[in-house]
Structure formats: C-alpha cells, structure tokens
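According to my numbering, the stretch in the sequence shown is residues 15 to 118, in order. Yeah, the Cβ is synthetic: ideal placement off N, Cα and C, and Gly gets one too. Note that the structure is predicted; figures quoted are calculated from it, not measured.
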Amino acid sequence: MPLLKVVDRDGKEHDINAPAGGVLMEPLRDMDDGVTAICGGMCSCATCHVYVDPAWVDKLPKPMSDELDMVRDLTAHQPNSRLSCQIHLTEALSGLKVTIAPEE
Ligand code: FES
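What follows is the structure, given as structure tokens:
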C-alpha cells in the first residue's frame, strides 16, 4: 500500500495510504478539499491537477499526449504538472509527494 505525501491548497502536508492498483486521483478526491475530479478519471476535465515533487517527476511513467494537451492549457500549468487520474499507483511509488494545484 503506497504511502503518499500530499500537500493541500493550504500548504498542509498529509500522509495518505492508498491501495496499489488504483490511480492517484482517488485518494485525493476523498480528502477534505481534495481534487474534484469531475470527469471521474476520463482525462477530460483537468480538475485533478497536481504538481509532482521534482524528485519524483522522472520516476513516473511519461504522460500520454492527451494528458499533456490538457495540462498545457491550464493557467496554473508548471513543468511538473500532471493529471492525478493518469498516475497509476504501484508499490514503487511509495513516498510519492504531490501538491494539489489551485482550482481553475
Ligand atoms: S479526473 Fe478529469 S481529468 Fe482527471
């Protein structure tokens, strides 16, 4: 069960256990003031936007072109932007740190 470190929009860090086999968006959606994930993980809303800690960016599988297109259109886009619904949780991602991006 990966342990995630999640910084919320108030800058507070949370340790969250999440099952491997799911996607990162799911535990973030369950948080108070977490992501809204309106499309339910279909890569079509970008309301699950997060910033991946720089130490983890290269450890994640690269985004597909549809994810890249979505995040590049966001006002709050940064080089480490990802859509959390496109990040599949594995044991290897234990310790992954992300920050929830501002709502748009
Ligand atoms: S939940 Fe809609 S794009 Fe991720």
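Residue from the options whose Cα sits closest to the Cα of residue i
i    : options                : result
G36  : V21, T113, G55         : G55
H91  : C59, Q100, Y65         : Y65
L18  : L110, A115, I114, E117 : L110
A69  : E118, P116, P16, V112  : V112
P116 : P33, L88, H102, L74    : L88
Any non-hydrogen atom of ligand 1 within 8 Å of residue i CB
i   : result
V49 : yes
I52 : yes
S98 : yes
G55 : yes
Which residues DSSP lists as bridging residue i, in chain order
i    : result
D29  : K19
V64  : R96, I114
H102 : V37
Distance, residue j Cα to residue i Cα
i    : j   : result
A106 : M15 : 10 Å
Within the chosen definition, does the region 23-30 reach the region 82-93 through at least 3 CB pairs nearer than 8 Å? no
Determine, using beta-carbon pairs with one atom in the region 97-117 and one in the region 35-49, whether at least three such pairs fall under 8 Å. yes
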